[in-house]
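With our numbering as the guide, the letters of the sequence shown map in order to residues 6 to 346.
In what follows, a structure is listed as structure tokens, so that the remarks can point back to it.
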Amino acid sequence: MKIKKVLVSGGAGYIGTHTCIELIAAGFEVVCADNFCNSSPVAMERVEQITGTAIPVHRMDFCRLDEVEALFREEAIDAAIHFAGHKAVGESVAKPLKYYENNLLSLINLCKVMGKGKARNVVFSSSATVYGLSDKLPLTEETPTSAYNPYGRTKLYIEEILKDLHAAEPGWNVSILRYFNPVGAHPSGLIGEDPSDIPNNLMPYISQVAVGRLEKLRIFGNDYDTPDGTGVRDFIHVVDLARGHVAALRKLEEEPGYMVHNLGTGKGCSVLELVHAFERVNGVPIPYEIVGRRPGDVAANYAATDKARRELGWEATHTIEDMVRDTWHWQSENPKGYAED
Ligand code: WQD
Numbered sequence: 006m007k008i009k010k011v012l013v014s015g016g017a018g019y020i021g022t023h024t025c026i027e028l029i030a031a032g033f034e035v036v037c038a039d040n041f042c043n044s045s046p047v048a049m050e051r052v053e054q055i056t057g058t059a060i061p062v063h064r065m066d067f068c069r070l071d072e073v074e075a076l077f078r079e080e081a082i083d084a085a086i087h088f089a090g091h092k093a094v095g096e097s098v099a100k101p102l103k104y105y106e107n108n109l110l111s112l113i114n115l116c117k118v119m120g121k122g123k124a125r126n127v128v129f130s131s132s133a134t135v136y137g138l139s140d141k142l143p144l145t146e147e148t149p150t151s152a153y154n155p156y157g158r159t160k161l162y163i164e165e166i167l168k169d170l171h172a173a174e175p176g177w178n179v180s181i182l183r184y185f186n187p188v189g190a191h192p193s194g195l196i197g198e199d200p201s202d203i204p205n206n207l208m209p210y211i212s213q214v215a216v217g218r219l220e221k222l223r224i225f226g227n228d229y230d231t232p233d234g235t236g237v238r239d240f241i242h243v244v245d246l247a248r249g250h251v252a253a254l255r256k257l258e259e260e261p262g263y264m265v266h267n268l269g270t271g272k273g274c275s276v277l278e279l280v281h282a283f284e285r286v287n288g289v290p291i292p293y294e295i296v297g298r299r300p301g302d303v304a305a306n307y308a309a310t311d312k313a314r315r316e317l318g319w320e321a322t323h324t325i326e327d328m329v330r331d332t333w334h335w336q337s338e339n340p341k342g343y344a345e346d
């Protein structure tokens, strides 16, 4: 089925905005739906500025079935890329019900409404977190899954819900994309990662230290069995990640079905390597202190990427230097993120 109009749920978010831009560049029509609980309408204004394209933006909550039904009455949607959901690992441990209700119900409502029509193409924003604490690297799409926190379990459960739907009803075409560590920003410096609270993740924490919003970086452990003792991750530029979604939609058009792909670079980079790259490329010091390990962290993970290369014709092209440079371009030009000065 030819896909023309794509719904991007959570489209005003960090990965959503970057994906809207790549979808438009690839010739798709885009509709953004977001409840702005963890994003800003300013981000969508920036996306329109970058693309020169007016994008319909629907402020709505996917947990409200009536709102999802109204959206699909208004927009003739051919495919959905589903980003909408809560994503803070630590918060999910403290408030599991908030995560199960929000993340599962929003997906179920989306599928209930799509199931009433013919267009049943879904790309789901999953995560390498579904691989749990696996120490067999690189992580392939066949690595056994075992989520170890409520956030990760919502990702796993949604993968299973979509697999069951594909098996039960004809016409469901599903692409599961398992992201590794998305970082970086659009080269324009107009959009980027803008956490609503103190950042949990490494790169936004580094950039907020660099811009003076935070005093220093705490590095969670340097006694791991890794080259420099600090954690190793597969950091992937958010523009590469966004382009992976375009490749997945094209695949669903050509070969409908149920598919799972890792989106990573296949290369590991340590915490200290990222800090030093940020300092070297941007000429900005990042004061840090080595503290104890963070519970739940694995020593290392990185992706096997040949399945996405072979089946989607996609691979990451941006370097660590691109990632730290683009991150700093965004943060230095927007010290308070999207917040009005
Ligand atoms: C990376 C490394 C930390 C912060 C998480 C989620 C995963 C996905 C990506 C959504 C680790 C170290 C971090 C800090 C530090 N999110 N670190 N100081 O934990 O690999 O993955 O985000 O899908 O689901 O689990 O990313 O950026 O939090 O940590 O030393 O202030 O940086 O110990 O080694 P993580 P992260």
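Cβ coordinates follow ideal geometry from the N, Cα and C atoms, glycine included.
Counting along the chain, the unbroken beta strand (DSSP E) around I241 starts and ends at F240 to H242. In this chain, the alpha helix (DSSP H) harbouring A75 covers L70 to E79. Under the three-pair Cβ rule at 8 Å, the stretch 251-260 does not count as touching the stretch 302-312. Here V296 is exposed: its Cβ has fewer than 16 other Cβ atoms, across all protein chains shown, within 10 Å. As for any beta strand (DSSP E) of minimum length 3 sitting wholly inside the stretch 140-175, there is none. Within the model, the alpha-carbon separation for P46 versus A190 is close to 17 Å. Counting along the chain, the unbroken alpha helix (DSSP H) around H281 starts and ends at V276 to N287.
Between P187 and R125, the alpha-carbon positions lie close to 27 Å from each other. Between the beta-carbon of A253 and that of T24 there is about 10 Å, and that puts the pair past the 8 Å contact cut.
At a threshold of 7 Å, D302 counts as near ligand 1, since its beta carbon sits closer than that to one of the ligand's heavy atoms. Contact between the stretch 94-107 and the stretch 20-36 is absent: fewer than 3 CB-CB pairs across the two stretches fall below 8 Å. Comparing C-alpha distances from N154 to each of A313, I8, E96 and D245 shows the shortest one belongs to E96. G137 and P340 have their C-alpha atoms spaced approximately 34 Å apart. Only exposed fits P292, as fewer than 16 other CB atoms lie within 10 angstroms of its CB.
Using a Cβ-Cβ distance cut-off of 8 Å, the stretch 266-281 and the stretch 177-186 are in contact, since at least three pairs of beta carbons, one from each stretch, lie closer than that value. Cβ-Cβ separation between K160 and V128: approximately 14 Å, too far for a contact (criterion under 8 Å). Taking 8 Å as the cut-off, the Cβ atoms of L70 and N107 do not count as close. Positions of the beta strand (DSSP E) runs, each at least 3 residues long and wholly inside the stretch 214-269, are given as 222-225, 240-242 and 263-268 in order along the chain. Buried is the label assigned to P209, since at least 16 other Cβ atoms lie within 10 Å of its Cβ. Between I325 and the set R158, I166, T235 and L277, the nearest pair of CA atoms involves L277.
Assignment of beta-bridge partners to K10 by DSSP yields E34.
Collapsing the DSSP output to three states places V94 in a helix. Taking C-beta atoms as the reference points, G217 and W335 fail to come closer than 8 Å.
For S193, DSSP assigns no beta-bridge partner whatsoever. Taking the Cα positions, S337 is about 45 Å away from L170. Taking the Cα of G236 as reference, the smallest distance to any Cα among I224, V244 and D245 is reached at I224.
Looking from the CA of E220, the closest CA among D39, G176 and P290 belongs to P290. When secondary structure is reduced to three states using DSSP, L115 falls in the helix class. Per DSSP, reduced to three states, the secondary structure at V329 is helical.
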